[in-house]
Every structure is written in structure tokens, then in C-alpha cells.
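Peer 1: A single structure is presented below for examination.
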Amino acid sequence: MKYQIRRIQFINSLTLKALVIDSEKEGISFVSNTVEEWITGINRFDKKGEIFFGAFINAEIVGMGGLNIDPYTNLSSIGRVRHLYVCPKFRRQNIGKQLMLKIIKHAKKNYQGIRLYTENKEAFKFYESLGFQNSSKFKESHFLKL
0 MKYQIRRIQF INSLTLKALV IDSEKEGISF VSNTVEEWIT GINRFDKKGE
50 IFFGAFINAE IVGMGGLNID PYTNLSSIGR VRHLYVCPKF RRQNIGKQLM
100 LKIIKHAKKN YQGIRLYTEN KEAFKFYESL GFQNSSKFKE SHFLKL
């Protein structure tokens with residue numbers, strides 16, 4: 000199955016609708032929060048060094064993920080991976096990995112390191128396979144020095 004990873008520069012209530020529906024079935028709220036934060040202007044991934052990507056199969060969005068300046072530190076040299084999600088039926092097809100590789104590539108141009116936070120033990124292995132180190136700092140489960 001062929002997919003494309005593309006930058007998303009605008010989100011409305013329809014843009015991520017399929018992802019919102021799938022994520023809510025799993026009890027995951029951060030996808031709908033992404034839409035709400037974009038619409039209200041809280042987070043549009045539009046500050047220097049920030050970016051938001053979507054994974055598409057034809058015109059259908061099947062995954063997403065972004066990069067922000069880390070809001071939990073005063074250091075503008077640290078980024079934070081945000082809202083990585085792939086629809087369940089498209090998992091284990093390297094879509095999440097390709098999203099993360101795009102995020103990391105972009106981060107290398109703008110940050111000295113990137114953080115993320117997850118409680119999902121399966122995700123621990125995924126991030127560690129990409130070079131992230133396990134961490135127990137506040138609001139950080141993993142860190143990647145760039």
C-alpha cells in the first residue's frame with residue numbers, strides 16, 4: 000500500500016475526522032484535542048522550527064504527528080514530538096516510523112534534542128528503535144539528542 004507523508008498547514012473539523020473517529024474508539028483524546036487546539040489557535044505548529052505532518056493513502060488521512068518547541072522547558076533548542084497517531088488498520092506498515100523519520104529530519108535543522116511522553120509500553124520499543132533514550136524526567140519518557 001503506497002502512502003505519502005505531507006506537511007499539513009491547515010486543520011478544520013473535517014481534516015482529521017477519520018483519525019478522530021478511530022482514536023475515540025480506542026479511548027484516545029489527543030487527536031480531537033489537536034483539532035480543537037488548532038481551531039482555537041492554542042497550537043497550530045506554526046512557531047519557528049515547528050511542523051505537523053499527515054500520512055495519506057490517496058486522499059485519505061491515516062496518520063499524523065507533529066513537532067513543537069517543548070512547552071515544558073525554557074530552552075528553545077528542545078523540541079517535543081506531539082500527537083503521533085496512526086489508524087489501527089494501517090499500523091505495522093511503517094507509517095508511524097516514516098512520520099517519525101520526517102519529524103526527526105525536520106528537528107535536526109532546528110533543535111539540539113527532542114522529547115516525548117508516552118505511557119504506552121509498546122510505544123516505548125518503537126521510540127527506542129528510532130534512537131530515543133528512556134527518561135524519567137518531568138513530562139518526558141524519551142529523549143533523542145540530535
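Letter 44 of the sequence shown, counting from 1, is numbered 43 in numbering that gives the first Met the number 0, and no numbers are missing.
Glycine included, each C-beta is placed from N, C-alpha and C at the ideal position.
(1) How do the region 105 to 120 and the region 77 to 85 stand: do at least 3 beta-carbon pairs fall below 8 Å, yes or no?
(2) Classify glycine 149 as buried or exposed, calling it buried when 16 or more other Cβ atoms lie within 10 Å of its own Cβ.
(3) Quick test of your reading: isoleucine 60 and leucine 18, contact by CB under 8 Å. State the CB separation rounded to the nearest angstrom.
(4) Since phenylalanine 131 contacts leucine 143 with CB under 8 Å, what's their CB separation in whole angstroms?
(5) Confirm, please, whether the CB-CB distance from glycine 62 to cysteine 86 is below 8 Å.
(6) Enumerate in chain order the residues of its own chain whose CB-to-CB distance from tyrosine 70 is below 8 Å, with the five nearest sequence positions on each side excluded.
(7) Cα-Cα, which of Asn67, Ser28, Trp37, Glu35 is closest to lysine 47?
(8) In chain order, what are the residue ranges of uninterrupted beta strand (DSSP E) at least 3 long that sit wholly in the region 1 to 79?
(9) Could you work out which residue in Gly40, Lys24, Glu25 is closest to isoleucine 10 when comparing CA atoms only?
(10) Determine the direct distance from the alpha carbon of lysine 24 to that of lysine 104, and round the result to whole angstroms.
(11) Could you give the DSSP three-state label for tyrosine 126: helix, strand or coil?
(12) For leucine 13, count neighbouring C-beta atoms within 10 Å of its own C-beta (all shown protein chains included) and say buried if the count is 16 or more, exposed if not.
(13) Using only CA atoms, which one of Phe125, Leu129, Glu118, Lys101 lies nearest to serine 135?
Peer 2: This is what the structure holds:
(1) Contact holds: three or more Cβ-Cβ distances are below 8 Å.
(2) As shown, the chain starts at 0 and ends at 145. That puts residue 149 outside it, with no answer to give.
(3) The C-beta distance from isoleucine 60 to leucine 18 rounds to 6 Å, short enough to fall under 8 Å.
(4) The Cβ separation is near 5 Å, so the contact holds.
(5) Their beta carbons are under 8 Å apart, which means cysteine 86 touches glycine 62 by this criterion.
(6) Looking at the sequence itself, residue 70 is proline, so the reference to tyrosine does not match. In chain order, Arg79 place their CB closer than 8 Å to the CB of proline 70, counting only its own chain and leaving out the 5 sequence neighbours on each side.
(7) It is Asn67 whose Cα lies nearest to the Cα of lysine 47.
(8) The DSSP assignment places complete beta strand (DSSP E) segments of no fewer than 3 residues inside the region 1 to 79 at 3 to 6, 50 to 56, 59 to 68, in order along the chain.
(9) The closest CA to that of isoleucine 10, considering only Gly40, Lys24, Glu25, is found on Gly40.
(10) If you draw a straight line from the Cα of lysine 104 to the Cα of lysine 24, it is about 31 Å long.
(11) DSSP places tyrosine 126 in the helix class (H, G or I) of the three-state scheme.
(12) With fewer than 16 other beta carbons inside 10 angstroms of its own, leucine 13 counts as exposed.
(13) Checking every option, the nearest Cα to that of serine 135 belongs to Glu118.
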